[in-house]
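In our numbering, each residue's number is its place in the sequence shown (first place is 1) plus 218. Where a beta carbon is used, it is the ideal one built from N, C-alpha and C, also for glycine. Report on the structure given below.
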Amino acid sequence: RLADQMRMMNFPQWFDLLKNIFSKFTIFLKRIKATLNTIRSVVFLVLDKNQKNRDLEETLQKNSAKESTVDTEVAYLTHEGMFISDAFGEGELPPAAADTTSQRNTSPNSEPCSSDSVSEPECTTDSSSSKEQTSFSVTPGGVEMMISDDMKLTDLELVRLANNIQELLYNASDICHDRSVKFLMARAKDGFLEKLNSNEFVTLSRLMEGFILDTEQICGRKSMSLRGALQSQANRFVNRFHEEKKTKLSLLLDNERWKQAEVPAEFQDLVDSVSDGRISLPEKKTAATEERKPAEFLIVEGQKYATVGTVLLLIRIILEYCQCVDNIPSITTDMLTRLSDLLKYFNSRSCQLVLGAGALQVVGLKTITTKNLALSSRCLQLIVHYIPIIRAHFEARLQPKQFSMLRHFDHITKDYHDHIAEISAKLVAIMDSLFDKLLSKYEVKAPVPSACFRNICKQMAKMHEAIYDLLPEEQTQMLFLRINASYKLHLKRQLAHLNVVNDGGPLNGLVTSDVAFYTGNLQALKGLNNLDLNMAEIWEQKR
219 RLADQMRMMN FPQWFDLLKN IFSKFTIFLK RIKATLNTIR SVVFLVLDKN QKNRDLEETL
279 QKNSAKESTV DTEVAYLTHE GMFISDAFGE GELPPAAADT TSQRNTSPNS EPCSSDSVSE
339 PECTTDSSSS KEQTSFSVTP GGVEMMISDD MKLTDLELVR LANNIQELLY NASDICHDRS
399 VKFLMARAKD GFLEKLNSNE FVTLSRLMEG FILDTEQICG RKSMSLRGAL QSQANRFVNR
459 FHEEKKTKLS LLLDNERWKQ AEVPAEFQDL VDSVSDGRIS LPEKKTAATE ERKPAEFLIV
519 EGQKYATVGT VLLLIRIILE YCQCVDNIPS ITTDMLTRLS DLLKYFNSRS CQLVLGAGAL
579 QVVGLKTITT KNLALSSRCL QLIVHYIPII RAHFEARLQP KQFSMLRHFD HITKDYHDHI
639 AEISAKLVAI MDSLFDKLLS KYEVKAPVPS ACFRNICKQM AKMHEAIYDL LPEEQTQMLF
699 LRINASYKLH LKRQLAHLNV VNDGGPLNGL VTSDVAFYTG NLQALKGLNN LDLNMAEIWE
759 QKR
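Structural data, given as structure tokens:
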């Protein structure tokens, strides 16, 4: 069968066939429109001619009334014994009267219509009063046609015909669209259209949108069947597209070891293409791009972001969602919902793997380190940076009544910020646990600095080394202020337990030396030299 033969075509072959069909349908509709316009023109010519005939009849009736008035005046003057020439001076006689007088002078006893004057318009014969009168009509081409009275259309029928002609064009357009839908559904029967990649479906969608717009322009009305079929296929495409991307993200996360990845030049170009809130995917990488060496960090609007390979690919995926909305506007709301789902999935899954230590089982990490935590936090911050840009992209393509859907991005932003805050709290909790373990055994005795404080300073330096290159300096400072607050709390508790007070005595001196060692080491760390540690808080205030 023809449908079976069509299903054997690959996409380029089938696409060319569809393009050819649309082209033929467009020509078909244009020809129908031209034909109907000709019919409409003839109808309007007939209506115009009928109107002119009515106007002519009215003019003749008025002239006949004037002629009757003059005849009455002439009769009166004759009755009074006056000649017409006495009543009217030469040249003053009305035209109608002059004609009447001329006719009477010429043949005073003649009949109104002689047998030789049948062809004159004024003359009528017995045949003209018959039920089936025959008249001549001249077409725009100059061809005379004999039309009997019972075949003539009234003006009302002619107006109705002129109006209903447009319906014929609408019906022709609907038939073209219905045939196109059958052609489309026949090919979609084996899931062929759902298996198209993004570029192929966008090409198909644009071809169909172009044909729909062409027919709307020709007919002046929307035909919904093909548009509905396109929307149905678009919805299936969105579902498949989303499932593919989500599956890809899931596999990436399940294999992510949460180590800092190098940034290939193509990904730097990718984020550079998102400027002024406009999202546009760059062209495929060139030879020059391939020659550029990968960078250690991703630079976004002047800020350095340490990231993992999964997040680099996630950014590309996010931009592909945005690009699809540009290419197929009818799927904007569906894509917004799906992209929201993808962002939520990344947030929850990364939380399970890092904060929830799921990566220990999934990829076999020995432990979740502070470096893993800090890197995860920075990755989340990178996604948060793009959420307002993504929101603006969708907002510009939504109808005002659909703006309520944008609240998804507000909820996602809050969830990401909460996740980042949990990671920061976890980093503080790691050091808090360390302080509790070390300072609970702290004894105030020589030599100073004590082994306890040496160990604390060593762990603080490790923490700083792990996160400093991953987090911005201001975040590092805020984190260490929180860690320092935890340290002071545990030290204060231990000093109270040991009954060491700020009295200037020997024990107080030893503690002061240990604290000075701690303060000096902490402020010597990069970026923390101006940190206000406020160590006076370790002492109980005198009441």
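Residue i versus the options, residue with shortest Cα-Cα distance
i: Leu646; options: Thr528, Asp687, Ser668 and Thr694; result: Rather than Leu, the amino acid found at residue 646 in this sequence is Val. For Val646, the nearest C-alpha among the options comes from Thr694.
i: Tyr563; options: Leu471, Gly576 and Ile648; result: Leu471
i: Asn478; options: Leu652, Asp490, Thr528 and Glu484; result: Reading off the sequence, residue 478 comes out as Gln, not Asn. When each option's Cα is compared against that of Gln478, the closest is Thr528.
i: Arg475; options: Leu374, Asp650, Val580 and Thr433; result: Val580
i: Leu374; options: Ser450, Lys251, Gln269 and Ile641; result: Gln269
i: Leu386; options: Met649, Thr253, Pro512 and Ser642; result: Thr253
i: Asp650; options: Phe671, Arg700, Glu661 and Ile638; result: Arg700
i: Ile756; options: Leu746, Gly745 and Tyr736; result: Tyr736
i: Val518; options: Ala684, Glu509, Ile533 and Lys511; result: Ile533
i: Lys710; options: Gly723, Met696, Val729 and Met403; result: Val729
i: Glu758; options: Ser622, Leu716 and Phe240; result: Leu716
i: Ser450; options: His626, Gly409 and Glu462; result: Gly409
i: Gly520; options: His603, Cys394, Ile641 and Thr588; result: His603
i: Thr244; options: Gln279, Cys394 and Asp266; result: Cys394
Rounded straight-line distance, which links the Cα of residue j to that of residue i
i: Ser284; j: Asn382; result: In the sequence as displayed, the identity of residue 284 is Lys instead of Ser. So the alpha carbons of these two residues sit roughly 44 Å apart.
i: Val492; j: Arg397; result: 42 Å
i: Ile605; j: His611; result: 10 Å
i: Leu725; j: Cys675; result: 21 Å
i: Gly576; j: Phe429; result: 52 Å
i: Leu749; j: Ala742; result: 10 Å
i: Leu764; j: Thr256; result: Any answer about residue 764 is impossible in this case: the structure gives the chain only from 219 up to 761.
i: Leu531; j: Phe401; result: 37 Å
i: Ile601; j: Ala592; result: 15 Å
i: Ala406; j: Trp232; result: 11 Å
i: Leu448; j: Asp552; result: 14 Å
i: Asn752; j: Asn702; result: 9 Å
i: Gln223; j: Ala390; result: 27 Å
i: Leu688; j: Val733; result: 28 Å
i: Asn473; j: Arg219; result: 48 Å
i: Asn545; j: Thr421; result: 9 Å
i: Val481; j: Asn453; result: 34 Å
i: Thr433; j: Phe455; result: 25 Å
i: Val543; j: Arg615; result: 8 Å
i: Leu578; j: Phe698; result: 27 Å
i: Asp392; j: Gly438; result: 12 Å
i: Ile497; j: Cys540; result: 7 Å
i: Leu598; j: Phe485; result: 17 Å
i: Ile250; j: Lys242; result: 12 Å
i: Val260; j: Arg378; result: 14 Å
i: Pro547; j: Glu613; result: 12 Å
i: His460; j: Phe229; result: 22 Å
i: Asp628; j: Arg556; result: 15 Å
i: Val572; j: Cys670; result: 30 Å
i: Pro690; j: Lys522; result: 8 Å
i: Leu516; j: Leu247; result: 55 Å
i: Asn238; j: Thr631; result: 48 Å
Residue environment, residue i, which counts as buried when at least 16 other CB atoms sit within 10 Å
i: His708; result: buried
i: Asn590; result: buried
i: Ile586; result: buried
i: Leu236; result: buried
i: Leu469; result: exposed
i: Ser594; result: buried
i: Leu274; result: exposed
i: Ala714; result: exposed
i: Lys659; result: exposed
i: Met226; result: exposed
i: Arg424; result: exposed
i: Met166; result: The chain is shown only over 219 to 761; residue 166 falls outside these bounds and no answer can be derived.
i: Ile608; result: buried
i: Arg567; result: buried
i: Met442; result: exposed
i: Asn419; result: In the sequence as presented, Asn is not what sits at residue 419; that position holds Phe. The residue is buried, with at least 16 neighbouring Cβ atoms inside 10 Å.
i: Thr465; result: exposed
i: Leu554; result: buried
i: Ser668; result: buried
i: Gln617; result: exposed
Beta-bridge pairing of residue i - partner residues as DSSP gives them
i: Val481; result: Ala513
i: Val518; result: Gln521
The ligand ADP heavy atom lying under 7 Å from the CB of residue i
i: Ile648; result: Only the bare structure without any ligand can be found here, which leaves the ligand ADP out of the picture.
Completely contained alpha helix (DSSP H) runs for the stretch 546-602, where each covers 4 or more residues: 550-568 and 577-580
Secondary structure, alpha helix (DSSP H): runs of 4+ residues fully inside the stretch 413-446: 416-437
Considering only residues of the stretch 634-713, which uninterrupted alpha helix (DSSP H) runs meet the minimum length of 4 residues and lie entirely inside it, listed in chain order? 669-685
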